Amino acid sequence: MNAAIKLPSAEEIALAKLGSQELSAVIETNGEAQRINVVDKLGKSHEVTIPASVLNMMIEVLTQLGQGNSVSITPIHAELTTQEGADMLNMSRPTFIKLLDSQEIPFSRTGNRRKVAFADIMEYKDRLEERRLASLAELSALDQELNMDV
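Each residue of the sequence shown is one higher than the one before, counting from 1149 in the working numbering.
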């Protein structure tokens, strides 16, 4: 992950919106792969076969850029620094380190530095979301119970 996040320019936003719309219009949603033509800077056309999952990811990236968002792709097996992990969870680095020290999220050490697997951070994020939804459901049930008595 790059500490200096660069937002897309107005021209990139416009191109991304157009690219997302055009790619969405021609992608086959039921296939495993699709052949597309790419024209190089000399004007020569090249046919490339791309998995449908990658085309869908390209559309999502273009959509996000078209909305003015910055996009970062992290490999699932990547190991992140504590700052990168904290950024992913939108929390401070000291708070993230407390999660590591309390064994909420597994980590390894490389010298004196902690490294955290991207997959473990995402698993923690999913558990957190499940807890939030369960708490919300519990509050909703309590609210309904209390309103029935009134």
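Backbone N, C-alpha and C fix where the C-beta goes; we use that ideal spot for every residue, glycine too. In this text the structure is predicted, and so the values were computed from the model without any measurement.
The Cβ atoms of G1233 and I1161 do not sit closer than 8 Å to each other. If you check the CB distance, G1167 and L1210 come in under 8 Å. If only uninterrupted alpha helix (DSSP H) runs of at least 4 residues are considered, those enclosed by the stretch 1169-1220 are 1200-1214. The beta carbons of A1181 and A1200 sit about 6 Å from each other, so the pair counts as a contact at 8 Å. Here I1221 is exposed. Its C-beta has fewer than 16 other C-beta atoms within 10 Å. C-alpha of T1230 to C-alpha of V1186: approximately 39 Å in a straight line. About 39 Å separates the CB atoms of I1245 and L1203; that is not less than 8 Å, and the two are not in contact.
Rounded to the nearest whole angstrom, the C-alpha separation of S1283 and R1262 is 31 Å. In the structure shown, A1289 adopts helical secondary structure according to DSSP, grouped into three states.
Excluding residues up to 5 positions away in sequence, L1247, V1264, D1268, I1269, Y1272 lie with their Cβ nearer than 7 Å to the Cβ of I1253 in the same chain. Judged by their CB atoms, S1172 and I1224 are not nearer to each other than the 8 Å cut-off.
The alpha-carbon of A1164 is positioned some 45 Å away from that of D1291. Using a 10 angstroms sphere on the CB of L1294, the tally of other CB atoms stays under 16, which defines it as exposed.
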